[in-house]
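**Student:** Quick note on numbering: full-length UniProt numbering labels position 147 of the sequence shown as 147, and the sequence is numbered without any gaps.
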Amino acid sequence: MHEQLVHQIDDLLPQTQCTQCGFEGCLPYAKALASGEADLNRCPPGGESTIVALAALLNLPEKPVDPSCGTTIERHIASIHPQHCIGCTLCIKACPVDAIVGSSKRRHAVLAELCTGCELCIPPCPVDCIDMVFMPEFSAWDQTQAHAARTRMQTREIRLERQKEEQAERLEAKAIHKLDELDDTPSPDAAAKKAVVQAALARARARRQAQTP
Numbered sequence: 001m002h003e004q005l006v007h008q009i010d011d012l013l014p015q016t017q018c019t020q021c022g023f024e025g026c027l028p029y030a031k032a033l034a035s036g037e038a039d040l041n042r043c044p045p046g047g048e049s050t051i052v053a054l055a056a057l058l059n060l061p062e063k064p065v066d067p068s069c070g071t072t073i074e075r076h077i078a079s080i081h082p083q084h085c086i087g088c089t090l091c092i093k094a095c096p097v098d099a100i101v102g103s104s105k106r107r108h109a110v111l112a113e114l115c116t117g118c119e120l121c122i123p124p125c126p127v128d129c130i131d132m133v134f135m136p137e138f139s140a141w142d143q144t145q146a147h148a149a150r151t152r153m154q155t156r157e158i159r160l161e162r163q164k165e166e167q168a169e170r171l172e173a174k175a176i177h178k179l180d181e182l183d184d185t186p187s188p189d190a191a192a193k194k195a196v197v198q199a200a201l202a203r204a205r206a207r208r209q210a211q212t213p
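1) Is the number of C-beta pairs between the region 60–76 and the region 91–105 that are closer than 8 Å three or more?
2) Using the rule of at least 16 other Cβ atoms within 10 Å of the residue's Cβ for burial, across every protein chain shown, is residue 207 buried or exposed?
3) Could you name the residues of the same chain whose beta carbon sits closer than 7 Å to that of residue 128, not counting the 5 residues immediately before and after it, in chain order?
4) Strictly by DSSP, which residues pair up with residue 134?
5) What number of angstroms, rounded off, separates the C-alpha of residue 131 from the C-alpha of residue 18?
6) Since residue 109 sits in a beta bridge, which residues does DSSP pair it with?
7) Mark residue 59 as exposed unless 16 or more other C-beta atoms lie within 10 angstroms of its C-beta, in which case mark it buried.
8) Between the alpha carbons of residue 134 and residue 119, how many angstroms are there, rounded?
9) Taking 7 Å as the cut-off, decide whether the C-beta atoms of residue 65 and residue 34 are in contact.
10) By the DSSP assignment, the alpha helix (DSSP H) with residue 60 in it spans what residues?
11) Exposed or buried, residue 45, counting other C-beta atoms within 10 Å across all chains shown (16 or more means buried)?
12) Whose C-alpha, out of 185, 31, 169, is nearest the C-alpha of residue 204?
13) Are the region 11–29 and the region 133–151 in contact at 8 Å, needing three or more beta carbon pairs?
14) Compare the Cα-Cα distances from residue 124 to each of 80, 193, 197 and report the closest residue.
15) From 173, 105, 147, pick the residue whose C-alpha is nearest to that of residue 202; which is it?
16) Where does the unbroken alpha helix (DSSP H) through residue 26 begin, and where does it stop?
17) Have a look at residue 91 and residue 101 and give me their C-alpha separation to the nearest angstrom.
18) Span of the alpha helix (DSSP H) holding residue 4?
19) Quick check: the Cα distance between residue 181 and residue 86, rounded to an integer number of angstroms?
20) Does the Cβ-Cβ distance between residue 197 and residue 175 come in under 7 Å?
21) What span of residues does the alpha helix (DSSP H) with residue 91 cover, start to end?
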C-alpha cells in the first residue's frame with residue numbers, strides 16, 4: 001500500500017526535479033509525503049492545483065505554498081547566451097531531464113519544449129551565461145509533459161549508471177593488465193608496485209560489489 005501511495009503522489013507532482021521542496025527530486029518528496037515526513041505545500045512549481053490534488057489524495061487540509069520553498073510562477077525556460085557559452089558541459093551534467101544539448105568546447109543549447117524550468121543548470125555555469133526567460137508558447141506544463149520528463153530523468157539515470165559501471169570495468173581491466181605486466185617484467189620495486197595495484201583493484205571491486213543490489 002505504501003509503494004502504491006508513493007506512486008500516486010509522484011504522479012501528481014510536476015516532475016521538474018527542481019529540489020525546491022528540500023528533497024533531491026519529486027520521487028524522494030513523494031516518499032516523504034507518503035511517510036508523513038513532509039508537508040504537502042512544498043512544491044512551488046506545482047502550485048495550488050498540485051496542493052489541491054495532494055490534499056484530496058491524502059485527506060489533508062489545503063494550505064498555501066510554503067514561502068520558504070519559493071513562489072509559484074509561470075513556467076520559465078533556461079536560455080543560454082551563445083556568445084558567452086564556453087562549452088564546459090557543466091549545465092548538461094546538471095540537467096536532470098536531458099534538456100540541454102551540446103558537447104565539450106562547443107556551444108550548448110536548451111531544448112525549450114523539454115526544459116522543466118528547474119534552474120539547476122544555473123549554479124554550475126562558470127560564466128553566468130544562463131537566464132530563465134518567459135516564453136508564452138512554453139508556459140503550460142501538464143501531467144503528460146510531467147510524466148514524459150520523469151521518463152527522461154529515469155532514462156538518464158540508467159544511462160549514467162551504465163556509464164559508471166563501464167568505466168569501473170575499464171579501470172579494473174587496466175589494473176589487471178598492469179599486474180600482468182609486472183609479472184612479466186620483474187624489477188626490484190615490482191613487488192611494491194604490485195601491492196599498490198592489487199590494493200586499488202580490491203577497493204574497486206569492493207565498491208562495485210557494494211553498489212550491486
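Where is the CB? At the ideal position from N, CA and C, for every residue including glycine.
**Tutor:** According to the data block:
1) no
2) exposed
3) none
4) 76
5) 16 Å
6) 101
7) exposed
8) 13 Å
9) no
10) Note, residue 60: premise wrong, no alpha helix (DSSP H); not H, not E.
11) buried
12) 169
13) yes
14) 80
15) 173
16) 26–34
17) 9 Å
18) 2–12
19) 41 Å
20) yes
21) 90–94
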